[in-house]
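Written out below as structure tokens is the structure these notes cover.
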Amino acid sequence: MTPHPWNLSLWRGLDADRAHLPHALLLHGPLGVGKKIFAETLAKSLLCESPTAEGACGQCKSCHWFEQGSHPDYKLIEPAEKNEDDETPAKKGGRHIAIAEIRALGEFLALAAHQGGWRVVVVHPAEAMNIAAANALLKTLEEPPANVLLMLVSHQPRRLLPTVLSRCRKVAVALPEWQSAVDWLRLQGQAEPESLLREAGGAPLVALEYADAERLARRERFVEVLAHPSAAELSSLGQEFQSRLEEAWGWLTRWAHDLIRIRNLADPRYFPEQFEVMRGLADGASLSGLLRLEQELRQSGRWLRHPLNGQLLLESWLLRYGEVTRAENARASHG
Ligand SMILES: [Zn+2]
-12 MTPHPWNLSL WRGLDADRAH LPHALLLHGP LGVGKKIFAE TLAKSLLCES
38 PTAEGACGQC KSCHWFEQGS HPDYKLIEPA EKNEDDETPA KKGGRHIAIA
88 EIRALGEFLA LAAHQGGWRV VVVHPAEAMN IAAANALLKT LEEPPANVLL
138 MLVSHQPRRL LPTVLSRCRK VAVALPEWQS AVDWLRLQGQ AEPESLLREA
188 GGAPLVALEY ADAERLARRE RFVEVLAHPS AAELSSLGQE FQSRLEEAWG
238 WLTRWAHDLI RIRNLADPRY FPEQFEVMRG LADGASLSGL LRLEQELRQS
288 GRWLRHPLNG QLLLESWLLR YGEVTRAENA RASHG
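Under this note's numbering, the first residue of the sequence shown carries the number -12, and numbering increases by one thereafter.
Now the structure itself:
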């Protein structure tokens, strides 16, 4: 277990300065930059019986326990009830860390360290704590036991209580440089890292998730229909993707964005490989219609997790897309 290459120097700085670590760290940054691995690697190294300059030794009893997920001085707190349906946005948004888990943490911290050294707690992601849980955690942050390191990992630190934030040392884990992310994705066996990384907004671990073969096949199907938008195909697309509203929304929004860029003589940002076909579509489309569609899609973004009727929403967007892209053709044929 090592931090990702782009986090290595930040990680080494903290690991080497372990004598001066505060009671609480807030590791914050965008989703998919390796914050959790960063926290876990630091925890493992602090708990290791003979750490080296590279971190945990990987050989001692403590490292062994850590790898088994059974270290008595380590606690990882995450939202409960992971089920196989975890992909659906509503459930993802609904999972949280409840107060019972933070109370159990209090009991854990009331005991002396099993190994007589550090005790380490990782809360991931910290914004998943509900208000009651966050307030319970605050008590621990206000009176931290000795030799305890609390690591709050957060993708959205603005959603944390200010009182919690103010008691943590903030460590920003940023997006890696573009090229280093591309190189890393290549090392993971990705043949087209740039396209994945663009779609993931530069976050390498999100890009890697996007590389899933089934998702790539869905993307190909979706893009194929957008590239040749017949009313019948758009309508069946609405049905096929009714349970994948967030995914479909993301592709359609980026696609519309690229068409607008092309109309404005800019290069497409997300679908450069589709440039030729997109140029034809953009030329024939109604620019004001595209702008309205893109605006509407962006405004719908916040409803994605709790759509009243996802299928209806998606079908209406796709219908509009079909009308907008056929606007000129329709006008031409009507005379
Ligand atoms: Zn070790």
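Glycine residues also receive a C-beta, built at the ideal position from the N, C-alpha and C atoms.
Residue 263 versus residue 254: straight-line alpha-carbon distance, rounded:
Residue 263 sits at position 276 when you count from the first residue of the sequence shown. Residue 254 sits at position 267 when you count from the first residue of the sequence shown. Distance from the CA atom of residue 263 to the CA atom of residue 254, rounded to whole angstroms, is 11 angstroms.
Would you mind working out which of 33, 16, 220, 54 sits nearest residue 8, comparing C-alpha positions?
Within the sequence shown, the letter at position 21 stands for residue 8. When the alpha-carbon of residue 8 is set against those of 33, 16, 220, 54, the nearest one is in 33.
Could you tell me which of 174, 44, 13 sits nearest to residue 149, measuring between CA atoms?
Translated into the one-based positions of the sequence shown, residue 149 becomes position 162. With distances taken between Cα atoms, residue 149 lies closest to 13.
For the beta strand (DSSP E) containing residue 15, list its first residue and its last residue.
Taking the first residue of the sequence shown as position 1, residue 15 is located at position 28. It spans 11 to 15 - the beta strand (DSSP E) in which residue 15 sits, taken as one unbroken run.
Nearest-angstrom Cα separation, counted from residue 231 out to residue 277:
Counting from 1 along the sequence shown, the entry for residue 277 is found at position 290. Counting from 1 along the sequence shown, the entry for residue 231 is found at position 244. Each residue's CA atom was taken as its position, placing residue 277 and residue 231 some 22 angstroms apart.
Contact set for residue 220: own chain, Cβ-Cβ below 8 angstroms, skip 5 residues either direction
Sequence index remark: in the sequence shown, residue 220 carries index 233 (1-based). The residues are 212.
Residues near ligand 1, criterion Cβ-heavy atom distance below 7 angstroms
Residues flagged by the Cβ proximity filter: 35, 36, 37, 38, 43, 44, 45, 46, 47, 49, 50.
For the beta strand (DSSP E) holding residue 158, just list the boundary residues, first then last.
In the sequence shown, counting from the first residue as 1, residue 158 sits at position 171. Taken as a continuous stretch (DSSP letters only), the beta strand (DSSP E) holding residue 158 covers 156 to 159.
Can you give me the start and stop residues for the beta strand (DSSP E) that residue 141 sits inside?
As a first step, residue 141 must be located in the sequence shown, where it is residue number 154. Taken as a continuous stretch (DSSP letters only), the beta strand (DSSP E) holding residue 141 covers 135 to 141.
Output the distance between the C-alpha atoms of residue 4 and residue 203, rounded to the nearest integer angstrom.
Counted from its first residue, the sequence shown places residue 4 at position 17. Counted from its first residue, the sequence shown places residue 203 at position 216. Cα to Cα, the separation comes out at about 43 angstroms.
Can you tell me whether residue 148 is helix, strand or coil according to DSSP?
To locate residue 148, count along the sequence shown from 1; it is residue 161. Here residue 148 sits in coil by DSSP.
On a Cα-Cα basis, can you pick out the residue from 41, 58, 141 that is closest to residue 49?
For this step, residue 49 is matched to residue 62 along the sequence shown. Checking every option, the nearest Cα to that of residue 49 belongs to 58.
Of the residues 244, 259, 158, which one's Cα is nearest the Cα of residue 272?
Translated into positions along the sequence shown, residue 272 becomes position 285. Out of 244, 259, 158, 244 has the C-alpha closest to the C-alpha of residue 272.
Locate the beta strand (DSSP E) running through residue 61, then write down its first and last residues.
In the sequence shown, the residue the question calls residue 61 occupies position 74. For residue 61, the uninterrupted beta strand (DSSP E) run begins and ends at 61 to 64, by DSSP.
Going by alpha carbons, who is nearest to residue 147 out of 46, 224, 26, 116?
Your numbering for residue 147 matches position 160 in the sequence shown. For the residues 46, 224, 26, 116, the minimum Cα distance to residue 147 belongs to 116.
Does the count of Cβ pairs from the stretch 37 to 47 and the stretch 149 to 167 closer than 8 angstroms reach three?
Not touching, per the Cβ criterion.
Would you mind stating whether residue 342 and residue 195 have Cβ atoms separated by less than 8 angstroms?
With the chain represented from -12 up to 322, any question about residue 342 goes unanswered, as that position is not in the structure.
Let me know the secondary structure DSSP gives residue 225 once reduced to three states.
Taking the sequence shown and counting its residues from 1, one reaches residue 225 at position 238. In the structure shown, residue 225 sits in a helix (DSSP, three-state: H, G or I).
DSSP bridge partner residues for residue 42 (one or two, in chain order):
Here residue 42 is taken as the residue at index 55 of the sequence shown, counted from 1. Its beta-bridge partners are 39.
Drop a sphere of 10 angstroms on the beta-carbon of residue 325, count the other beta-carbons inside from all chains shown, and report buried for 16 or more, exposed for fewer.
Because residue 325 is not part of the residues shown, which for the chain are -12 to 322, the question remains open.
Hey, would you say the C-beta of residue 210 is under 7 angstroms away from at least one heavy atom of ligand 3?
No copy of ligand 3 occurs in the structure displayed; its ligands are ligand 1 alone.
Have a look at residue 112 and residue -8 and give me their C-alpha separation to the nearest angstrom.
Numbered from its first residue, the sequence shown carries residue 112 at position 125. Numbered from its first residue, the sequence shown carries residue -8 at position 5. About 22 angstroms.
Exposed or buried, what is residue 15 when buried is set at 16 or more other beta-carbons lying within 10 Å of its beta-carbon?
Here residue 15 refers to the residue found at position 28 of the sequence shown. So residue 15 counts as buried.
Based on the DSSP output, what are the partners of residue 82 in its beta bridges?
Within the sequence shown, residue 82 is the residue found at index 95, counting from 1. According to DSSP, which records beta bridges pairwise, residue 82 is partnered with nothing at all.
Let me confirm a value: residue 225 is counted as buried when at least 16 other C-beta atoms fall within 10 Å, else exposed. Which label applies?
Within the sequence shown, the letter at position 238 stands for residue 225. Buried is the call here.
Based on the DSSP secondary-structure assignment, which residues constitute the bridge partners of residue 107?
Residue numbering aside, residue 107 sits at position 120 when the sequence shown is read from its first letter. When beta bridges are read from the DSSP output, residue 107 appears opposite 61, 136.
Skipping 5 residues on each side, what residues in its chain have a beta carbon closer than 6 angstroms to that of residue 83?
As a working note, residue 83 is residue 96 in the sequence shown. Excluding positions up to five away in sequence, the list reads 66, 115, 117.
Express the C-alpha separation of residue -11 and residue 127 in angstroms, rounding to a whole number.
The count along the sequence shown starts at 1 and reaches residue 127 at position 140. The count along the sequence shown starts at 1 and reaches residue -11 at position 2. Using only the alpha carbons, I get a separation of about 29 angstroms.
Going by the CB atoms, is the gap between residue 309 and residue 216 shorter than 8 angstroms?
Here residue 216 refers to the residue found at position 229 of the sequence shown. Here residue 309 refers to the residue found at position 322 of the sequence shown. Against a cut-off of 8 angstroms, the Cβ pair of residue 309 and residue 216 comes out as a contact.
Does the separation of the CB atoms of residue 291 and residue 233 fall below 8 angstroms?
Along the sequence shown, read from residue 1 onward, the residue named residue 291 stands at position 304. Along the sequence shown, read from residue 1 onward, the residue named residue 233 stands at position 246. Cβ distance < 8 angstroms, so residue 291 and residue 233 count as in contact.
Run through DSSP, which three-state label would residue 116 get?
Against the sequence shown, residue 116 aligns to sequence position 129. Reduced to three states, the DSSP call for residue 116 is strand.
Hey, how far is the Cα of residue 22 from the Cα of residue 313?
Against the sequence shown, residue 22 aligns to sequence position 35. Against the sequence shown, residue 313 aligns to sequence position 326. So the alpha carbons of these two residues sit roughly 45 angstroms apart.
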